[in-house]
Amino acid sequence: MKARTRFWVVAVGLAIGGAASVTALMAQRPFRVYPSLEAYDNVELPPNALRPAEWIFGRLMYPPHPHAQFSRPFGFGGRWDWREGGTSWSQDYPRADRQFAVAVNRLTRVDARAVEQPINLDDDDDVYNWPWLAAGEMGDWKLTQPQAARLRDYLLRGGFLMLDDFWGTEEWNRFIESMNEVFPDRPIVEIDDTDAIFHNVYDLDDRYQIPGQWALRGGRTYRGGESGAHAYWKGIYDDHGRIMVAMSFNSDIGDSWEWADSPRYPEKYSALGIRIGVNYVVYSLTH
Numbered sequence: 227m228k229a230r231t232r233f234w235v236v237a238v239g240l241a242i243g244g245a246a247s248v249t250a251l252m253a254q255r256p257f258r259v260y261p262s263l264e265a266y267d268n269v270e271l272p273p274n275a276l277r278p279a280e281w282i283f284g285r286l287m288y289p290p291h292p293h294a295q296f297s298r299p300f301g302f303g304g305r306w307d308w309r310e311g312g313t314s315w316s317q318d319y320p321r322a323d324r325q326f327a328v329a330v331n332r333l334t335r336v337d338a339r340a341v342e343q344p345i346n347l348d349d350d351d352d353v354y355n356w357p358w359l360a361a362g363e364m365g366d367w368k369l370t371q372p373q374a375a376r377l378r379d380y381l382l383r384g385g386f387l388m389l390d391d392f393w394g395t396e397e398w399n400r401f402i403e404s405m406n407e408v409f410p411d412r413p414i415v416e417i418d419d420t421d422a423i424f425h426n427v428y429d430l431d432d433r434y435q436i437p438g439q440w441a442l443r444g445g446r447t448y449r450g451g452e453s454g455a456h457a458y459w460k461g462i463y464d465d466h467g468r469i470m471v472a473m474s475f476n477s478d479i480g481d482s483w484e485w486a487d488s489p490r491y492p493e494k495y496s497a498l499g500i501r502i503g504v505n506y507v508v509y510s511l512t513h
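Each residue of the sequence shown is one higher than the last, beginning at 227 in our numbering.
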């Protein structure tokens, strides 16, 4: 067993296993729910939501960029503290997170917890309890230097980060400000079609742009002008060839999870979005 794998087996065991020590569990932040940017008020906790499980959806919280598209919940004016939810990091949350967890349980042998875990990089070492993170609206994040340093260390220790739902040149430029703080010395590259991340559960050679529900309502599949019209699957690798950061640029996989049960959202987009997510989960557990 590789050293990195051993590290995360121990980390997952401490974080969610029934045999974890009291001391280790005290260091782990409890489950909590924040207001969603989309002002959900009807997402009930699933049965047995907090039972111990093998895998947990970590939702990365982050402070908004000064030019963020969403800096407060819909219907709220004035200033809003991102640490209280309701800003860009909570787009699609918690509905997408919970529906994707259902898909992981149905489509794999991975035992997924029914609810997500919001992760704040400022919460001391809590992030190291959660080996898999996802975030959306990446054109809106603006990490502080301490947050970027902690995220870099987390990823180099074996963590995995999925980034989604940012479109076109303007959002890319805001995104890269923080990504360059995390990894100033590592390139963002196109993930090759032959990479294991696209073949460990499903063969995903035929990938296409996944639009958000917001786009379909307007009769199109993208935003950000012509620079947002083509989907890209990008990554950042560690020194051993492992993908640490997987990016779906010019797609909205989060919406494909969030609206998977809606007849208004085309099934082909949810089918691909869920398969991509499942492959990323299994990859993160095996690489």
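Ideal placement from N, C-alpha and C gives every residue a C-beta, glycine not left out.
In this text the structure is predicted, and so the values were computed from the model without any measurement.
Mapping the DSSP letters down to three states, classify Asn346 as helix, strand or coil.
Looking at Asn346 - three-state DSSP - the assignment turns out to be strand.
Nearest-angstrom Cα distance between Leu276 and Asp411?
Taking the straight line joining both Cα atoms gives about 39 Å.
Helix, strand or coil at Ile414 according to DSSP, with G and I counted as helix
Ile414 falls in the coil class under three-state DSSP.
Which residue spans inside the segment 369 to 445 form an unbroken beta strand (DSSP E) run of at least 3?
386 to 392, all fully within the segment 369 to 445.
Ala455, DSSP secondary structure in three states
It is coil, neither helix nor strand.
I need the straight-line Cα distance from Met287 to Gly445, nearest angstrom please.
A direct Cα-Cα distance of roughly 31 Å separates Met287 from Gly445.
Measure the alpha-carbon distance for Arg255 versus Asp352 and round it to whole angstroms.
Distance between Arg255 and Asp352, taken at the CA atoms: about 6 Å.
For Leu271, three-class secondary structure by DSSP
Coil, per DSSP.
Suppose the cutoff is 8 Å on Cβ atoms and the five residues either side in sequence are ignored; what does the same chain contact list for Val336 look like?
Short of 8 Å from the beta carbon of Val336, and not among the five residues preceding or following it, lie these beta carbons of its own chain, in chain order: Glu280, Trp281, Val330, Val507, Val508, Leu511.
Alpha-carbon to alpha-carbon, His456 and His389
For the record, residue 389 in the displayed sequence is Leu; it is not His. When rounded, the distance between both Cα atoms is 17 Å.
Three-state class that DSSP yields for Ile462 in the structure shown:
The answer is strand: DSSP assigns Ile462 an E or B state.
For Gly384, the nearest candidate out of His466, Pro292, Leu271 (CA to CA):
Nearest Cα to Gly384 within the set His466, Pro292, Leu271: His466.
Three-state secondary structure (DSSP) at Arg285?
Looking at Arg285 - three-state DSSP - the assignment turns out to be strand.
Extent of the continuous beta strand (DSSP E) run through Trp358:
For Trp358, the uninterrupted beta strand (DSSP E) segment begins and ends at 358 to 362.
Name the one or two DSSP bridge partners that Ile469 has.
Under DSSP, Ile469 shares a beta bridge with Tyr463.
Three-state secondary structure (DSSP) at Trp308?
Look at Trp308 here: in three-state DSSP terms it is helix.
Taking Cβ to Cβ, would you say Asn426 is nearer than 7 Å to Asn505?
Yes, they are a contact pair.
So for Trp485, helix, strand or coil by DSSP?
Correct three-state label for Trp485: coil.
Using a Cβ-Cβ cutoff of less than 6 Å, which residues in the same chain neighbour Asp318 once the five nearest sequence positions on both sides are dropped?
For Asp318, where only same-chain residues beyond five positions count, the Cβ hits under 6 Å are Gly362, Gly480, Glu484.
Candidates Trp440, Gly438, Thr395, Ile469: closest to Glu452 by CA position:
Residue Thr395 is the option with its Cα nearest to Glu452.
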